[in-house]
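I have placed the structure first, in the form of C-alpha coordinates, so that the comments after it can refer back to it.
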Amino acid sequence: KEVDYFDETKVLGCYSMSKALATQEVLDACHHKGLNACVVHPSGIMGPGDYALGEIMQNVINIINGELPAGIDGNFNICDVRDLANAIISAVDKGRCGECYILANEVISFKDFCNMITENSSGSKVKVFIPPVAANIMSFLMERIAEKKGEKPVLTSFNIYNLTRNNQFDSTKAKEELGYTTRPYEETIHDMIEWLLAEGIIKKES
(Lines of atoms letter the chains of each structure in order from A and count residues from 1; the text may use other names and numbers.)
(Lines give C-alpha, C1' and ligand atoms only; values in the text may rest on other atoms or scores of the structure.)
Protein backbone atom coordinates (compact mmCIF):
# COMPACT_ATOMS: atom_id res chain seq x y z
CA LYS A 1 0.00 0.00 0.00
CA GLU A 2 0.97 3.63 -0.45
CA VAL A 3 2.77 5.41 2.39
CA ASP A 4 2.67 9.11 3.29
CA TYR A 5 6.30 9.51 4.41
CA PHE A 6 9.55 8.33 2.83
CA ASP A 7 12.57 7.66 5.03
CA GLU A 8 15.75 7.24 2.99
CA THR A 9 17.38 5.29 5.82
CA LYS A 10 14.80 2.50 5.46
CA VAL A 11 15.60 1.59 1.84
CA LEU A 12 18.44 -0.33 0.20
CA GLY A 13 20.90 1.19 -2.26
CA CYS A 14 21.78 4.70 -3.44
CA TYR A 15 19.15 4.61 -6.20
CA SER A 16 16.34 3.90 -3.74
CA MET A 17 17.68 6.48 -1.29
CA SER A 18 17.70 9.19 -3.96
CA LYS A 19 14.10 8.33 -4.91
CA ALA A 20 12.98 8.43 -1.28
CA LEU A 21 14.61 11.82 -0.71
CA ALA A 22 13.21 13.31 -3.91
CA THR A 23 9.71 11.97 -3.30
CA GLN A 24 9.61 13.37 0.23
CA GLU A 25 10.74 16.77 -1.09
CA VAL A 26 7.78 16.78 -3.49
CA LEU A 27 5.31 15.72 -0.79
CA ASP A 28 6.65 18.34 1.63
CA ALA A 29 6.23 21.00 -1.06
CA CYS A 30 2.65 19.83 -1.65
CA HIS A 31 1.76 19.98 2.03
CA HIS A 32 3.63 23.13 3.04
CA LYS A 33 4.48 25.22 -0.05
CA GLY A 34 1.40 25.03 -2.25
CA LEU A 35 2.80 22.73 -4.93
CA ASN A 36 0.00 21.02 -6.85
CA ALA A 37 1.45 17.59 -7.59
CA CYS A 38 1.02 13.89 -6.97
CA VAL A 39 3.50 11.01 -7.23
CA VAL A 40 3.30 7.76 -9.18
CA HIS A 41 5.32 4.69 -8.22
CA PRO A 42 5.77 2.19 -11.07
CA SER A 43 6.87 -1.22 -9.84
CA GLY A 44 9.24 -1.61 -12.78
CA ILE A 45 8.97 -0.60 -16.41
CA MET A 46 9.24 -2.49 -19.69
CA GLY A 47 7.76 -2.31 -23.17
CA PRO A 48 8.46 -1.42 -26.79
CA GLY A 49 10.39 1.75 -27.61
CA ASP A 50 13.27 1.36 -25.14
CA TYR A 51 16.01 2.82 -27.32
CA ALA A 52 18.31 3.07 -24.30
CA LEU A 53 18.16 -0.75 -24.06
CA GLY A 54 17.83 -0.69 -20.29
CA GLU A 55 18.49 -3.62 -17.98
CA ILE A 56 15.16 -5.39 -18.58
CA MET A 57 15.33 -4.97 -22.35
CA GLN A 58 18.93 -6.19 -22.36
CA ASN A 59 17.82 -9.30 -20.49
CA VAL A 60 15.17 -9.91 -23.15
CA ILE A 61 17.79 -9.57 -25.90
CA ASN A 62 20.18 -11.90 -24.09
CA ILE A 63 17.48 -14.55 -23.70
CA ILE A 64 16.53 -14.33 -27.38
CA ASN A 65 20.17 -14.54 -28.45
CA GLY A 66 20.84 -17.50 -26.16
CA GLU A 67 23.30 -15.45 -24.11
CA LEU A 68 21.71 -16.07 -20.72
CA PRO A 69 23.14 -19.40 -19.53
CA ALA A 70 21.17 -19.36 -16.29
CA GLY A 71 18.48 -17.38 -14.52
CA ILE A 72 17.72 -16.62 -10.88
CA ASP A 73 14.98 -18.49 -9.03
CA GLY A 74 12.99 -15.39 -8.14
CA ASN A 75 10.16 -13.12 -9.24
CA PHE A 76 9.41 -9.52 -10.04
CA ASN A 77 6.62 -7.10 -10.92
CA ILE A 78 6.73 -4.87 -13.99
CA CYS A 79 4.19 -2.58 -15.65
CA ASP A 80 3.97 -1.90 -19.38
CA VAL A 81 5.39 1.53 -20.24
CA ARG A 82 2.20 2.32 -22.21
CA ASP A 83 0.01 1.62 -19.18
CA LEU A 84 2.35 3.78 -17.10
CA ALA A 85 2.11 6.63 -19.63
CA ASN A 86 -1.69 6.47 -19.62
CA ALA A 87 -1.73 6.56 -15.81
CA ILE A 88 0.58 9.59 -15.72
CA ILE A 89 -1.67 11.46 -18.15
CA SER A 90 -4.67 10.53 -16.02
CA ALA A 91 -2.86 11.65 -12.87
CA VAL A 92 -2.52 15.17 -14.29
CA ASP A 93 -6.31 15.54 -14.28
CA LYS A 94 -7.48 13.07 -11.63
CA GLY A 95 -4.59 12.71 -9.19
CA ARG A 96 -5.14 14.26 -5.76
CA CYS A 97 -2.57 16.76 -4.57
CA GLY A 98 0.00 15.27 -2.21
CA GLU A 99 -1.10 11.69 -2.88
CA CYS A 100 0.93 8.71 -4.09
CA TYR A 101 -0.19 6.01 -6.52
CA ILE A 102 1.36 2.57 -6.98
CA LEU A 103 1.37 1.43 -10.61
CA ALA A 104 2.11 -2.28 -10.64
CA ASN A 105 1.16 -5.51 -12.38
CA GLU A 106 0.91 -9.12 -11.26
CA VAL A 107 3.93 -10.92 -9.83
CA ILE A 108 5.67 -13.09 -12.41
CA SER A 109 8.45 -15.60 -11.80
CA PHE A 110 11.68 -15.05 -13.71
CA LYS A 111 11.27 -18.57 -15.12
CA ASP A 112 7.82 -17.78 -16.56
CA PHE A 113 9.18 -14.50 -17.92
CA CYS A 114 11.98 -16.34 -19.72
CA ASN A 115 9.57 -18.95 -21.07
CA MET A 116 7.25 -16.28 -22.48
CA ILE A 117 10.17 -14.71 -24.31
CA THR A 118 11.36 -17.97 -25.88
CA GLU A 119 7.79 -18.91 -26.84
CA ASN A 120 7.50 -15.61 -28.75
CA SER A 121 10.93 -15.78 -30.39
CA SER A 122 13.62 -18.07 -31.72
CA GLY A 123 15.47 -18.03 -28.40
CA SER A 124 16.58 -21.16 -26.59
CA LYS A 125 14.87 -22.01 -23.30
CA VAL A 126 16.74 -21.06 -20.15
CA LYS A 127 16.97 -24.40 -18.35
CA VAL A 128 18.96 -23.58 -15.21
CA PHE A 129 17.67 -21.33 -12.42
CA ILE A 130 20.03 -20.66 -9.53
CA PRO A 131 18.71 -20.58 -5.93
CA PRO A 132 18.97 -17.14 -4.25
CA VAL A 133 21.60 -18.23 -1.69
CA ALA A 134 23.98 -19.43 -4.40
CA ALA A 135 23.17 -16.36 -6.53
CA ASN A 136 24.09 -14.05 -3.65
CA ILE A 137 27.50 -15.70 -3.32
CA MET A 138 28.03 -15.40 -7.08
CA SER A 139 26.99 -11.73 -7.10
CA PHE A 140 29.40 -10.94 -4.26
CA LEU A 141 32.29 -12.47 -6.21
CA MET A 142 31.24 -10.82 -9.48
CA GLU A 143 31.02 -7.40 -7.83
CA ARG A 144 34.51 -7.74 -6.35
CA ILE A 145 36.01 -8.90 -9.68
CA ALA A 146 34.24 -6.17 -11.65
CA GLU A 147 35.39 -3.54 -9.15
CA LYS A 148 39.03 -4.57 -9.61
CA LYS A 149 38.66 -4.48 -13.40
CA GLY A 150 36.75 -1.20 -13.40
CA GLU A 151 33.80 -2.88 -15.12
CA LYS A 152 30.07 -3.12 -14.48
CA PRO A 153 29.19 -6.44 -12.78
CA VAL A 154 26.93 -8.81 -14.70
CA LEU A 155 25.11 -9.73 -11.48
CA THR A 156 24.77 -7.64 -8.32
CA SER A 157 23.41 -8.23 -4.83
CA PHE A 158 20.80 -5.56 -5.60
CA ASN A 159 19.61 -7.67 -8.56
CA ILE A 160 19.13 -10.62 -6.22
CA TYR A 161 17.34 -8.46 -3.67
CA ASN A 162 14.88 -7.24 -6.32
CA LEU A 163 14.13 -10.81 -7.37
CA THR A 164 13.64 -12.21 -3.87
CA ARG A 165 11.83 -9.44 -1.97
CA ASN A 166 8.04 -9.19 -1.68
CA ASN A 167 7.01 -7.96 -5.13
CA GLN A 168 3.26 -8.10 -4.49
CA PHE A 169 2.16 -4.45 -4.81
CA ASP A 170 -1.39 -3.13 -4.48
CA SER A 171 -2.57 -0.78 -7.26
CA THR A 172 -6.18 -0.56 -6.07
CA LYS A 173 -5.93 3.18 -5.35
CA ALA A 174 -4.59 3.94 -8.85
CA LYS A 175 -7.25 1.75 -10.45
CA GLU A 176 -10.06 3.45 -8.54
CA GLU A 177 -8.87 7.06 -8.80
CA LEU A 178 -6.86 7.16 -12.04
CA GLY A 179 -8.55 4.39 -14.01
CA TYR A 180 -5.23 2.54 -14.16
CA THR A 181 -5.32 -0.71 -16.11
CA THR A 182 -2.66 -3.29 -16.91
CA ARG A 183 -2.25 -5.50 -19.93
CA PRO A 184 -1.04 -9.11 -19.66
CA TYR A 185 2.69 -9.83 -19.72
CA GLU A 186 2.21 -11.91 -22.88
CA GLU A 187 1.08 -8.82 -24.80
CA THR A 188 3.95 -6.67 -23.54
CA ILE A 189 6.56 -9.31 -24.34
CA HIS A 190 5.10 -9.96 -27.81
CA ASP A 191 5.11 -6.23 -28.61
CA MET A 192 8.66 -5.80 -27.26
CA ILE A 193 9.95 -8.58 -29.49
CA GLU A 194 8.11 -7.20 -32.54
CA TRP A 195 9.68 -3.80 -31.85
CA LEU A 196 13.16 -5.30 -31.50
CA LEU A 197 12.70 -7.08 -34.84
CA ALA A 198 11.39 -3.94 -36.56
CA GLU A 199 14.37 -1.94 -35.30
CA GLY A 200 16.84 -4.61 -36.42
CA ILE A 201 18.15 -5.04 -32.88
CA ILE A 202 17.45 -8.77 -33.09
CA LYS A 203 17.21 -10.91 -36.22
CA LYS A 204 14.31 -13.10 -37.23
CA GLU A 205 15.23 -16.78 -37.48
CA SER A 206 15.66 -17.73 -41.14
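Each residue of the sequence shown is one higher than the one before, starting from 615 at the first, in our numbering.
For glycine and all other residues, C-beta sits at the position ideal for the given N, C-alpha and C.
Bear in mind that the values here come from a model prediction, so they are computed numbers and not experimental data.
Cβ pair residue i, residue j closer than 8 angstroms
i: Lys818; j: Leu811; result: yes
i: Phe620; j: Ala643; result: no
i: Leu626; j: Pro656; result: no
i: Ala749; j: Ile815; result: no
i: Val654; j: Leu717; result: yes
Buried or exposed by the 16-neighbour rule on C-beta atoms within 10 Å, applied to residue i
i: Gly587; result: Beyond the ends of the chain as shown, which are 615 and 820, falls residue 587; an answer cannot be given.
i: Asn781; result: buried
i: Tyr715; result: buried
i: Tyr629; result: exposed
i: Val674; result: buried
i: Leu667; result: exposed
Within-8 angstroms CB hit, residue i to chain C
i: Pro767; result: Of the chains in the structure shown, none is chain C; there is only one protein chain.
Whole-angstrom distance between residue j and residue i, CA atom to CA atom
i: Asp726; j: Gly658; result: 17 angstroms
i: Glu639; j: Gly680; result: 44 angstroms
i: Lys739; j: Asp707; result: 44 angstroms
i: Pro746; j: Thr778; result: 7 angstroms
Residue i CB to nearest heavy atom of the ligand GDP below 7 angstroms
i: His655; result: With respect to small molecules bound, the structure shown includes none, and the ligand GDP cannot be examined in it.
Anticipated Cβ contact below 8 angstroms, residue i with residue j, distance rounded
i: Ala705; j: Cys652; result: 6 angstroms
Note down, one range per segment and in chain order, each alpha helix (DSSP H) of at least 4 residues found wholly within the stretch 645 to 684.
-> Those alpha helix (DSSP H) runs which fall completely within the stretch 645 to 684 and span 4+ residues are 669 to 678.
What are the complete alpha helix (DSSP H) segments, minimum 4 residues, inside the stretch 692 to 779?
-> With a minimum length of 4 residues, the continuous alpha helix (DSSP H) runs that stay inside the stretch 692 to 779 are 695 to 708, 724 to 733, 746 to 763 and 771 to 778.
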